[in-house]
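Visitor: Residue numbers (this note's numbering): 104 to 340.
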């Protein structure tokens, strides 16, 4: 609200400022428990008349019926997406939600962008929207070429996400293997107690270059005391 007034003040240069009516769209699974702004303050001493109080409208997307919004199909689509994205009934409602895109110009680039954003949000937010169900809903709701284009876009997204997860998992597994080898090297060169102290230090080393540096320390140090000193003060050569 304040940012809007600041913008309008720069534009208008002088009062009066327009009224701003805030609206909160809530889609949480639990009941709304956040108090009104004015309720956050203690009214001891009768100072309520001097306190700032922002009122706002509230719409519980998960509890209230969404009426058809003829004049703004984009808004209707977004509201239904927000309402059912984490709902068990999403699979039943999905084709109906997507069919609302027929009210828009499917040949327009911005409409394609909105459809792509909606599908990617639903896939991530629901956590259980699998490829066969999504393909079936698209085929029922929209022309085949549009559905195939969207599935191709989503497939690329899923593939990239899988590659990124695989790379992260592979790096983590590789670093864990390197930690094991470093600890074995420390135990063979010194003893198990040194390896035990080193294992605690290695938990904080989160990059391959750091692990290689620790391995160099083991090779360079002739005595266990020298290695433990390096662990205690890594910047000390």
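Ideal placement from N, C-alpha and C gives every residue a C-beta, glycine not left out.
1) How many Å lie between residue 308 and residue 316 at the Cα?
2) Which of helix, strand or coil does DSSP assign to residue 123?
3) What is the DSSP secondary structure of residue 306, reduced to helix, strand or coil?
4) Secondary structure at residue 162, three-state DSSP: helix, strand or coil?
5) Return the chain-ordered list of same chain residues with a C-beta closer than 8 Å to the C-beta of residue 196, the five sequence neighbours on each side being excluded.
6) Cα separation between residue 143 and residue 237?
7) Starting from residue 244, trace the alpha helix (DSSP H) both ways and give me its first and last residue.
8) Which stretch, first to last residue, makes up the alpha helix (DSSP H) that contains residue 223?
9) In angstroms, rounded to a whole number, what distance separates the CA positions of residue 123 and residue 104?
10) Based on Cα-Cα distance, which residue from 175, 232, 210 and 256 lies nearest to residue 193?
11) Terminal residues of the continuous alpha helix (DSSP H) containing residue 118?
12) Any idea what DSSP makes of residue 128, helix, strand or coil?
13) Using beta-carbon positions only, say whether residue 290 and residue 314 come within less than 8 Å of one another.
14) So, using beta-carbon positions, are residue 129 and residue 164 closer together than 8 Å?
15) Is it the case that the Cβ atoms of residue 225 and residue 253 are separated by a distance below 8 Å?
16) Can you have a look at residue 155 and say buried or exposed, based on whether 16 or more other CB atoms are within 10 angstroms of its CB?
17) How far does the alpha helix (DSSP H) with residue 207 in it reach, from first residue to last?
18) In whole angstroms, what separates the C-alpha of residue 214 from that of residue 140?
19) Kindly indicate the opening and closing residues of the alpha helix (DSSP H) around residue 199.
20) How should residue 150 be labelled, buried or exposed, when 16 other C-beta atoms within 10 angstroms of its C-beta is the threshold for buried?
21) As a quick exercise: from 258, 204 and 206, pick the residue whose alpha carbon is nearest that of residue 235.
22) Could you please give the first and the last residue of the uninterrupted alpha helix (DSSP H) stretch that includes residue 186?
23) Expressed to the nearest angstrom, what Euclidean distance is found between the alpha-carbon atoms of residue 240 and residue 247?
24) With distances taken from CA atoms, which of 153, 125, 198 and 176 is nearest residue 162?
Guide: Here's the rundown:
1) If you number the chain shown from 1, residue 308 lands on position 205. If you number the chain shown from 1, residue 316 lands on position 213. Between residue 308 and residue 316, the C-alpha separation is close to 10 Å.
2) As a first step, residue 123 is located in the chain shown; it is residue number 20 there, counting from the start. Residue state, collapsed to three classes: coil.
3) Translated into the one-based positions of the chain shown, residue 306 becomes position 203. In this structure, residue 306 counts as coil in the three-state DSSP scheme.
4) Indexing the chain shown from 1 puts residue 162 at position 59. Here residue 162 sits in strand by DSSP.
5) For the purposes of this step, residue 196 is identified with residue 93 of the chain shown, where counting begins at 1. For residue 196, the CB contacts under 8 Å within the same chain, skipping 5 residues up- and downstream, are 183, 187 and 190 in chain order.
6) As a working note, residue 143 is residue 40 in the chain shown. As a working note, residue 237 is residue 134 in the chain shown. Their backbone Cα atoms lie some 44 Å apart in a straight line.
7) Translated into positions along the chain shown, residue 244 becomes position 141. Note, residue 244: alpha helix (DSSP H), 234-244.
8) Counted from its first residue, the chain shown places residue 223 at position 120. Counting along the chain, the unbroken alpha helix (DSSP H) around residue 223 starts and ends at 212-229.
9) Your numbering for residue 123 matches position 20 in the chain shown. Your numbering for residue 104 matches position 1 in the chain shown. So the alpha carbons of these two residues sit roughly 7 Å apart.
10) Your numbering for residue 193 matches position 90 in the chain shown. When each option's Cα is compared against that of residue 193, the closest is 232.
11) Along the chain shown, one-based indexing puts residue 118 at 15. Taken as a continuous stretch (DSSP letters only), residue 118 belongs to no alpha helix (DSSP H), as it is neither H nor E.
12) Taking the first residue of the chain shown as position 1, residue 128 is located at position 25. Here DSSP, grouped into helix, strand and coil, assigns residue 128 to strand.
13) Counting from one through the chain shown, the residue named residue 290 turns up at place 187. Counting from one through the chain shown, the residue named residue 314 turns up at place 211. Using a Cβ distance threshold of 8 Å, residue 290 and residue 314 do not count as a contacting pair.
14) The residue labelled residue 129 in the question sits at position 26 within the chain shown. The residue labelled residue 164 in the question sits at position 61 within the chain shown. Their beta carbons are under 8 Å apart, which means residue 129 touches residue 164 by this criterion.
15) Counting from 1 along the chain shown, the entry for residue 225 is found at position 122. Counting from 1 along the chain shown, the entry for residue 253 is found at position 150. Result no, Cβ atoms of residue 225 and residue 253 do not sit closer than 8 Å.
16) For the purposes of this step, residue 155 is taken as residue 52 along the chain shown, with counting starting at 1. It is exposed - the Cβ of residue 155 has fewer than 16 other Cβ atoms within 10 Å.
17) As a first step, residue 207 is located in the chain shown; it is residue number 104 there, counting from the start. Taken as a continuous stretch (DSSP letters only), residue 207 belongs to no alpha helix (DSSP H), as it is neither H nor E.
18) For the purposes of this step, residue 214 is identified with residue 111 of the chain shown, where counting begins at 1. For the purposes of this step, residue 140 is identified with residue 37 of the chain shown, where counting begins at 1. Their Cα atoms are separated by approximately 37 Å.
19) In the chain shown, the residue the question calls residue 199 occupies position 96. From DSSP, the alpha helix (DSSP H) with residue 199 extends over 193-202.
20) As a working note, residue 150 is residue 47 in the chain shown. Classification for residue 150: exposed.
21) Start at 1 with the first residue of the chain shown, and residue 235 comes out as number 132. Closest in alpha carbon position to residue 235, among 258, 204 and 206, is 258.
22) Working through the chain shown from its first residue, we reach residue 186 at position 83. Per DSSP, residue 186 belongs to the alpha helix (DSSP H) from 176-187.
23) Working through the chain shown from its first residue, we reach residue 240 at position 137. Working through the chain shown from its first residue, we reach residue 247 at position 144. Near 11 Å, if we compare the C-alpha coordinates of residue 247 and residue 240.
24) What you label residue 162 is simply residue 59 of the chain shown in a count that begins at 1. Comparing Cα-Cα distances from residue 162 to each of 153, 125, 198 and 176, the minimum goes to 125.
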